[in-house]
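From first to last, the protein sequence lines are chains A and B. In terms of the working numbering, the first sequence opens at residue 210 and continues consecutively. In terms of the working numbering, the second sequence opens at residue 210 and continues consecutively. Think of the CB as a built atom: it goes at the ideal place given N, C-alpha and C, for glycine as much as any other residue. Contents: one structure, followed by commentary.
Number of protein chains: 2
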Amino acid sequence: MSSDSVNSAVPPSDPGVTDLFAVLAYGEISAFYRLAEEAESAPSLRGKVAVAKMAAAEMGHFTTLESALAARGVDVYDAMAPFVRALDAYHSSTDPSTWLESMVKFYVGDGIAADFYNEIAGALTPDVAAVVRDVLAETSHSEFVVEEVRRAVEVSRSERDRLTLWGRRLLGEAITQAQYVMAQRDELTDLVLAATGDLNGIAALFERMQDSHAERMATLGI
Amino acid sequence: MSSDSVNSAVPPSDPGVTDLFAVLAYGEISAFYRLAEEAESAPSLRGKVAVAKMAAAEMGHFTTLESALAARGVDVYDAMAPFVRALDAYHSSTDPSTWLESMVKFYVGDGIAADFYNEIAGALTPDVAAVVRDVLAETSHSEFVVEEVRRAVEVSRSERDRLTLWGRRLLGEAITQAQYVMAQRDELTDLVLAATGDLNGIAALFERMQDSHAERMATLGI
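As structure tokens, then:
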């Protein structure tokens with residue numbers, strides 16, 4: 210990053226930073242409960258344990274964000290409230306019907322979110338960006354997901370086709386909800402604009418996200 | 210503890226130690242999923258977060274036990290298998306029908322288990338006992354539970370009566386399942402005997418557990 214962009218970083222006091230921490234925090238909570246629920250369909254105790262570990266990692270991230278918000282004098286529950294509807298809508302509209310769909314959703318959905326928030330982090334001061342990058346850090350649990358999915362799609366072409374469509378739908382729904390959140394929250398939109406420059410920059414961001422998405426799909430073999 | 214009892218400690222290589230780590234590990238997994246499921250009935254987002262944190266703490270303990278078993282050359286999934294039925298039976302027979310019942314079960318059930326395993330830890334070498342005590346350590350989340358329950362029973366006598374009966378049932382079911390496990394697993398029974406001396410010692414252990422249980426019920430105001 211050039212010293213220019215650091216100089217023009219969004220100040221930590223910006224209300225958009227509170228919004229960013231809050232939407233990430235509610236993302237962790239909702240991911241926790243989705244994962245725990247979807248583990249019902251795990252084919253083995255090993256799968257259940259893997260999912261429980263992923264879910265527990267989400268709560269570690271939540272605690273980081275809760276502390277970061279507390280340090281700003283903000284109650285995490287108040288701050289999360291505006292984002293409950295959009296994130297719940299994303300999860301309802303992408304409710305997995307099989308264990309493999311859950312696994313793809315975890316891997317692909319987390320990846321899409323990480324791309325989006327990591328780009329925003331580029332506009333933040335180093336200490337604020339560090340919180341964001343910390344809670345987005347990929348965990349080793351992803352390896353479990355990649356193995357589960359690759360093994361299944363290698364032996365079944367119809368499974369592969371089905372999961373390919375599923376992955377495409379996840380990207381579409383995620384972008385829909387991201388746009389909805391931005392339309393509702395000016396503070397967050399300003400942050401995204403600070404990170405991308407202008408509306409063309411936002412379009413370019415969504416293109417880069419589609420490229421990364423395609424790479425993740427390829428990693429899964431779909 | 211006198212140097213005598215340390216000298217006569219159960220050696221770390223004892224197969225009962227593997228059983229002990231394994232039953233604790235499955236206890237953490239099953240508690241994780243029970244908590245996550247019961248959080249559906251949480252009256253607020255704050256309650257859901259508190260439960261998710263408790264559940265995440267269980268997974269931290271699971272990881273400790275998984276590592277301890279790996280250090281013994283034992284696969285955690287193989288080792289847990291003999292305990293799945295008894296622990297699942299305990300949870301099925303004590304399925305909470307309200308949020309407050311879930312809270313009482315978390316607090317009282319965890320306490321009963323901790324009493325039992327802490328007594329066994331007294332017969333172990335310090336390094337093995339440290340693993341057991343580490344995974345049984347009470348977390349600060351208990352405070353949340355105590356507050357939730359106390360507040361509810363202060364304003365409702367019928368709620369208090371109902372939860373008192375519920376707490377009594379939890380103790381009964383826990384002892385039933387503990388006896389069932391011991392009848393099935395000689396290695397574990399030998400550990401309990403090493404910790405308590407003889408059958409009279411086991412009876413005395415169950416009496417001490419009842420006393421601690423009564424104290425916990427009093428803390429909850431029931």
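- For the segment 248-260 of chain A, residues whose beta-carbon sits nearer than 9 Å to a beta-carbon of chain B comprise Ala248, Glu249, Ser253, Leu254, Arg255, Lys257 and Val258.
- Taking a Cβ-Cβ threshold of 9 Å, none of the residues of chain A is close to Lys314/B; the smallest such distance is about 17 Å.
- Around the beta carbon of Gly376/B, 16 or more other beta carbons sit within 10 angstroms, so the residue counts as buried.
- Note that the segment 245-265 of chain B touches the segment 290-308 of chain B; at least 3 beta-carbon pairs, one per stretch, sit closer than 8 Å.
- Close to chain A, meaning a Cβ-Cβ distance shorter than 9 Å, are the following residues of the segment 264-292 of chain B: Ala264, Ala265, Ala266, Glu267, Met268, Gly269, Phe271, Thr272, Glu275, Val285, Tyr286, Met289 and Ala290.
- Contact annotation for Phe241/A against chain B: Ala261 [CB-CB distance below 7 Å, chain order].
- The residue among Ser311/A, Ser222/A, Pro221/A and Leu233/A with its C-alpha nearest the C-alpha of Val341/A is Leu233/A.
- As the crow flies, the alpha-carbon of Ala259/A is around 11 Å from that of Ala266/A.
- Residue contact check for Ala346/A against chain B: no CB pair falls below 7 Å.
- In summary, Gly225/A is buried, with 16 or more beta-carbon neighbours lying within 10 Å of its beta-carbon over all protein chains present.
- Ranked by Cα distance from Ile384/B, the first of Gly256/B, Ala231/B, Ala240/B and Ala323/B is Ala323/B.
- Here the C-alpha atom of Glu328/B lies approximately 13 Å from the C-alpha atom of Ala218/B.
- Along the length of the segment 294-373 of chain A, whole alpha helix (DSSP H) runs at least 4 residues long occupy 308-313, 319-330, 335-345 and 350-364, reported in chain order.
- Between Val358/A and Leu429/A, the gap from beta carbon to beta carbon is short of 7 Å.
- With a cutoff of 7 Å on beta-carbon distance, Ala231/A and Phe241/B are scored as not near each other.
- Nearest Cα to Val390/B within the set Met289/B, Val285/B and Ala251/B: Met289/B.
- Nearest neighbour of Leu278/A by Cα position, chosen from Glu382/A, Ser311/A, Arg294/A and Thr227/A, turns out to be Thr227/A.
- The Cβ-Cβ distance between Arg366/A and Ile431/A does not fall below 7 Å.
- In this structure, Ala332/B sits near Ala403/B, with a CB-CB distance shorter than 7 Å.
- Burial is judged here by how many other beta carbons sit within 10 angstroms of a residue's own beta carbon; Gly318/B has at least 16 and is buried.
- In chain order, Tyr242 and Ala245 make up the part of chain A whose C-beta sits under 7 Å from the C-beta of Ala245/B.
- Under a 10 Å Cβ-count criterion, Val354/A is classified as buried, with 16 or more other Cβ atoms of the shown protein chains found around its own Cβ.
- When DSSP assignments are scanned along the segment 393-431 of chain B, the uninterrupted stretches of alpha helix (DSSP H) that are 4 or more residues long and fall wholly within it turn out to be 395-405 and 408-429.
- In the structure shown, Val226/A adopts helical secondary structure according to DSSP, grouped into three states.
- Only residues of its own chain outside the window of five on either side were considered, and among them Leu244 and His350 have a CB closer than 6 Å to the CB of Met263/A, listed in chain order.
- The Cβ atoms of Lys314/B and Leu408/B lie no closer than 7 Å to each other.
- Secondary structure of Val285/A (DSSP, three-state): helix.
- The C-beta of Val362/B has 16 or more other C-beta atoms within 10 Å across all chains shown, which makes the residue buried.
- Listed along chain B are Leu254, Lys257, Val258 and Ala261, each with a C-beta nearer than 8 Å to that of Ile238/A.
- Annotation: the continuous alpha helix (DSSP H) that includes Ser276/B extends over Leu254 to Ala280.
- As a beta-bridge residue in DSSP terms, Val219/B pairs with Leu333/B.
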